[in-house]
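Chemist:
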Amino acid sequence: MIRKIFIAFVTSLSFSVAQAQTTQEQPGADLIVINAKIFTGSRAQPEASALAVKNGRIYSVGSDADILGLKNSNTEIIDARSRTLIPGIIDAHIHVLNDLAYNYNVRWDGVPTLRRALTMLSEQAARTPKGQWVKVIGGWSPYQFEENRFPTLDELRSAVPDRPLIVQYAYNQAFLNKQAMEALGVGTDRFPKVPDTEFERDSRGNPTGVIHGYTWLFLALESMVPQPTFDEQVSSMVYSIHGLNRFGVTSIIDNGGRWPYPKAQARVDVLARDNRLNVRMPFVDLQLGDGGPVNMVDLEIEAITKTAPISAGQNLHPTLAHGHEYRGAGEVLSGEVHDHENFDRPAVIIGPEKMRRFVEQDVMKLVQRRIPFRMHVSYNENISPFLDALEKVNETISLDGLKWSLEHAETISPENIARVKKLGGGIALDAKMALHGDGFIRTYGREKALETPRLRMLVDSGIPLAMTTDAFRAATFNPWVAVSWMVSGKAVSGSEILAENNRLSRTEALKLFTSGAAWFVNAEAELGIIAPGNLADFAVLDRDYFAVPEDQISSISSVLTIMDGKVVFGAQDYSALSPKLPDILPAWSPVKYFGGYHGEK
844 MIRKIFIAFV
854 TSLSFSVAQA
864 QTTQEQPGAD
874 LIVINAKIFT
884 GSRAQPEASA
894 LAVKNGRIYS
904 VGSDADILGL
914 KNSNTEIIDA
924 RSRTLIPGII
934 DAHIHVLNDL
944 AYNYNVRWDG
954 VPTLRRALTM
964 LSEQAARTPK
974 GQWVKVIGGW
984 SPYQFEENRF
994 PTLDELRSAV
1004 PDRPLIVQYA
1014 YNQAFLNKQA
1024 MEALGVGTDR
1034 FPKVPDTEFE
1044 RDSRGNPTGV
1054 IHGYTWLFLA
1064 LESMVPQPTF
1074 DEQVSSMVYS
1084 IHGLNRFGVT
1094 SIIDNGGRWP
1104 YPKAQARVDV
1114 LARDNRLNVR
1124 MPFVDLQLGD
1134 GGPVNMVDLE
1144 IEAITKTAPI
1154 SAGQNLHPTL
1164 AHGHEYRGAG
1174 EVLSGEVHDH
1184 ENFDRPAVII
1194 GPEKMRRFVE
1204 QDVMKLVQRR
1214 IPFRMHVSYN
1224 ENISPFLDAL
1234 EKVNETISLD
1244 GLKWSLEHAE
1254 TISPENIARV
1264 KKLGGGIALD
1274 AKMALHGDGF
1284 IRTYGREKAL
1294 ETPRLRMLVD
1304 SGIPLAMTTD
1314 AFRAATFNPW
1324 VAVSWMVSGK
1334 AVSGSEILAE
1344 NNRLSRTEAL
1354 KLFTSGAAWF
1364 VNAEAELGII
1374 APGNLADFAV
1384 LDRDYFAVPE
1394 DQISSISSVL
1404 TIMDGKVVFG
1414 AQDYSALSPK
1424 LPDILPAWSP
1434 VKYFGGYHGE
1444 K
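In the working numbering, the protein residues as written are 844 to 1444.
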């Protein structure tokens, strides 16, 4: 009897093992890309013509013949047709969650003429329903236009005669028509009392509709216009990410804004739960409070320890590596020491004693709790006292092993570059000089502009370094505008804005958006290069970045973007592979008719 039971058990076990073997994954690749000019970014294997993907990671990189040997009956094979393939672009400082009204805005990014920009406003005014506004909120520069100037108020009023209109230029100034001024209460107590706000006035002392200010003014104005519904916010996120995918972006760090943790994350959850988040989106968190003076660091600690406990590096996405990780506090850690980045005005200089107190009292709290942080600081005059105080903190509690960085740091000195490196920090630059450098020249002079930022010195220093867009308001979300500026030294106006000895090679510039940016995601071993074992994020470009004339670099886009081994964007030969986007909300959205970037539609 025992012998029969034993035989039955062995037979059953053998059947189970055999069944498990037959249901195991078939060996070979899920996806193979051949006939490509692959820039791997890896010194060990700088070039290749093919790669294989399995389970969301790069399986192998090599020749067409070698990689095709890894196919099975289910492998999808894509012919790159001799196009350039690069690692997925990582934008280490952008504000997707600050722009959940993306679908409400006319995007002037890349529009070549003011004439066309005004026509877009006129067309949109005709379809915008009563009760809504016509809006242009950042991403453009007057220097990009053939006319090389701002619109006039008369031109704007003519384009939009019967709807409220706001046209915002970076965080520098805004243009309002009569309806918008009345709605916002310009000239009355209803208009927000934000320091350093200046109204242009006519000969009789009345506001004209042109307003100058800093960040807080424009955040306040945005809160006073019609707000999108929850579903419209989710739709805005879908379409802004689609715009990023179009340029080969596969990872970003969302750098905080109006929608703090955990409120903003409810929108991301909608996409994450259905596996529709088509970009890796680690985030840092900015707590602005509900108005009035607040301690942002205390609010941050309250949010992550009590409101919705989360720890640094914790991923809120159920399946996607680095999908929606908490990467710490920032970029604004205190309103009192925020130095903005308005190049049309002199630098905002923070009192050294105020900066010292902020670091010793507030940044110290983050260091004690090992919470990574990112500090917005544009000008060297403010970087110096910040580092003075941070060095004192480091003497008490070591920064070793804690990821922290300076954001922007446009005018950082050689001495302060060395100090940041010694303290183990990184620097996330941005490309605002590419759009606004002509204004910088008028304020600070051409000689200063040519060394802003010190690109060559920063790259040669070996400090952890990334180039970013800081989109969608301060600058455009197109990373190729930044790459073009770093390589050519020219702004969108065509002006020389970087000295020849302060420019980068094409390889160096691209690495600041790939392997260099991976440090800020804490994913240096998984992102930024094409190598076996790395996450399968890459883009096939519409032209050869390494060979096209410099004046074509800013026009580069992706024809095939792969994130996590899956197609998230396809164009031209690969249009049929592109995931279908849901209907845009609202139906009258400017993005529906114009796209998010000139030439998309």
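Quick reminder that beta carbons are idealized off the backbone N, C-alpha and C, glycines included. Note that the coordinates shown come from a computational prediction; the quantities given were computed from them, not determined experimentally.
1) At what residues does the beta strand (DSSP E) containing P1050 begin and finish?
2) DSSP state of G1021, grouped into three classes?
3) Quick test of the definition: if touching needs 3 or more C-beta pairs under 8 Å, does the region 1347 to 1360 touch the region 1286 to 1294?
4) Quick check: the region 907 to 916 against the region 871 to 879, are there 3 or more CB pairs under 8 Å?
5) Flag this pair as yes or no: are the beta carbons of A1151 and P1103 separated by less than 7 Å?
6) Can you give the Cα-Cα distance for A1013 and A1190, rounded to whole angstroms?
7) Just tell me which of T971, N1365, Y902, A887 has its CA closest to the CA of Y1436.
8) Please classify I937: does DSSP put it in a helix, a strand, or coil?
9) Can you list, in chain order, the residues of its chain whose CB lies under 6 Å from that of T1404, leaving out five sequence neighbours each side?
10) Measure how close the beta-carbons of G1244 and F1216 come, nearest whole angstrom, since I'm counting them as under 8 Å.
11) What does DSSP give as the partner residues of D1128 in its beta bridges?
12) Quickly, what does DSSP pair W1247 with across the bridge? List them, please.
13) Under 7 Å, do G884 and S1327 count as touching if we go by C-beta distance?
14) Measuring CA to CA, which of S916, D1182, S1397, A1107 is closest to T1319?
15) Taking buried to mean at least 16 other C-beta atoms within 10 Å of its own C-beta, is K1235 buried or exposed?
16) I want to see whether chain B comes within less than 7 Å of S1327, judged by CB atoms only; does it?
17) Would you decide whether W1362 is buried or exposed? Buried here means 16 or more other CB atoms lie within 10 Å of its CB.
18) For S1401, does the three-state DSSP call read helix, strand or coil?
19) Do I1373 and P930 count as a contact pair if the criterion is CB distance below 7 Å?
20) To the nearest angstrom, how far is it from the Cα of F1201 to the Cα of V1180?
21) Have a look at G1268, V1037, M1329, V1302 and flag the residue whose alpha-carbon is nearest the alpha-carbon of N1365.
22) Give the range of the beta strand (DSSP E) segment to which R900 is assigned.
23) Measuring alpha carbon to alpha carbon, tell me which residue in P1422, R900, L996, L957 is nearest A1368.
24) Determine, using beta carbons only, whether N1225 and D1182 come nearer to each other than 7 Å.
25) Mind checking F1034: buried by the 16 CB within 10 Å criterion, or exposed?
26) Leaving out five residues before and five after E1203 in sequence, what residues of the same chain have Cβ atoms less than 8 Å from its Cβ?
27) Tell me whether G1198 sits in a helix, a strand or coil according to DSSP, three-state version.
28) What residues match up with E1339 in a beta bridge as DSSP calls it?
29) Judging by CA-CA distance, which residue of F1389, H1441, R1123, N1098 is the nearest neighbour of T1312?
30) Look at the alpha carbon of T1162 and the alpha carbon of G1156, and state the distance between them as a whole number of angstroms.
31) Go ahead and label S925 buried or exposed: buried means 16 or more other beta carbons lie within 10 angstroms of its beta carbon, across all protein chains shown.
32) State the Cα-Cα distance for the pair K1021 and E1041, rounded to the nearest angstrom.
33) Quick test of your reading: G1052 and M1024, contact by CB under 8 Å. State the CB separation rounded to the nearest angstrom.
34) Measure the alpha-carbon distance for L1019 versus A1063 and round it to whole angstroms.
35) Please report the straight-line C-alpha distance between I1214 and R992, rounded to a whole angstrom.
36) For L943, collect the residues of the same chain with a Cβ closer than 6 Å to its Cβ; drop the 5 residues on either side in sequence, then sort them by chain order.
Modeler: Here's the rundown:
1) 1050 to 1055
2) Reading off the sequence shown, one finds Lys at residue 1021, where the question assumed Gly. Helix, per DSSP.
3) no
4) yes
5) no
6) 16 Å
7) T971
8) strand
9) N1088, G1091, A1382, V1411, F1412
10) With a Cβ gap of about 14 Å, G1244 and F1216 do not count as contacting.
11) A1172
12) F1216
13) no
14) S1397
15) exposed
16) The question asks about chain B, but that chain is absent: this structure has only one protein chain.
17) buried
18) strand
19) yes
20) 8 Å
21) G1268
22) 900 to 905
23) R900
24) yes
25) buried
26) A1232, K1235, V1236
27) Note that residue 1198 corresponds to Met in the displayed sequence, not to Gly. M1198 falls in the helix class under three-state DSSP.
28) K1333
29) N1098
30) 15 Å
31) exposed
32) 17 Å
33) 6 Å
34) 15 Å
35) 44 Å
36) Q1076, S1079
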